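Below is one structure, written out as C-alpha cells; comments come after it.
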Amino acid sequence: MIRRTRYLKADDTVDYRDYELLRKFMTERGKIMPRRFTGATACQQRKIRRAIRRARVMGLLP
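For the sequence shown, position 53 (counting from the first letter as 1) is numbered 58 according to the working numbering, and the numbering increases by one without interruption.
Structure (C-alpha cells):
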C-alpha cells in the first residue's frame, strides 16, 4: 500500500518560481505525480500542474 504524503498545506501558495516545492510533485524523471500519490485536492492539483508547466516553458524545470 502506498502511503500518501501531504506536501501542500492549506496556507501554501503555488508559484512557478518555487523550484523546491514543485520538485516534490514531480517524479525523478520529471513527470507530474498524480493526485492519489501527492494527496492534493483537485483545485491544488490544477494549480500545481499550471505552475509546473509554466516553469517548464520558462526553462526552470526539465
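A virtual CB, placed ideally from N, CA and C, is assigned to each residue, including glycine.
From a predicted model like this one, the values you see are computed outputs, not experimental measurements.
Residue interval of the alpha helix (DSSP H) (run including residue i)
{"i": "A45", "result": "Taken as a continuous stretch (DSSP letters only), A45 belongs to no alpha helix (DSSP H), as it is neither H nor E."}
Residue i, DSSP secondary structure in three states
{"i": "M1", "result": "This structure gives no information on residue 1, because the portion of the chain shown stretches from 6 to 67."}
{"i": "Y21", "result": "coil"}
{"i": "K52", "result": "helix"}
{"i": "P66", "result": "First, the amino acid is wrong: residue 66 is Leu here, not Pro. Note: L66 maps to coil in three-state DSSP."}
Residue environment, residue i, which counts as buried when at least 16 other CB atoms sit within 10 Å
{"i": "T18", "result": "exposed"}
{"i": "T43", "result": "buried"}
{"i": "A47", "result": "exposed"}
Residues sharing a beta bridge with residue i, DSSP
{"i": "M31", "result": "I37"}
Residue i and residue j closer than 8 Å at C-beta
{"i": "A60", "j": "L27", "result": "yes"}
{"i": "L66", "j": "I53", "result": "no"}
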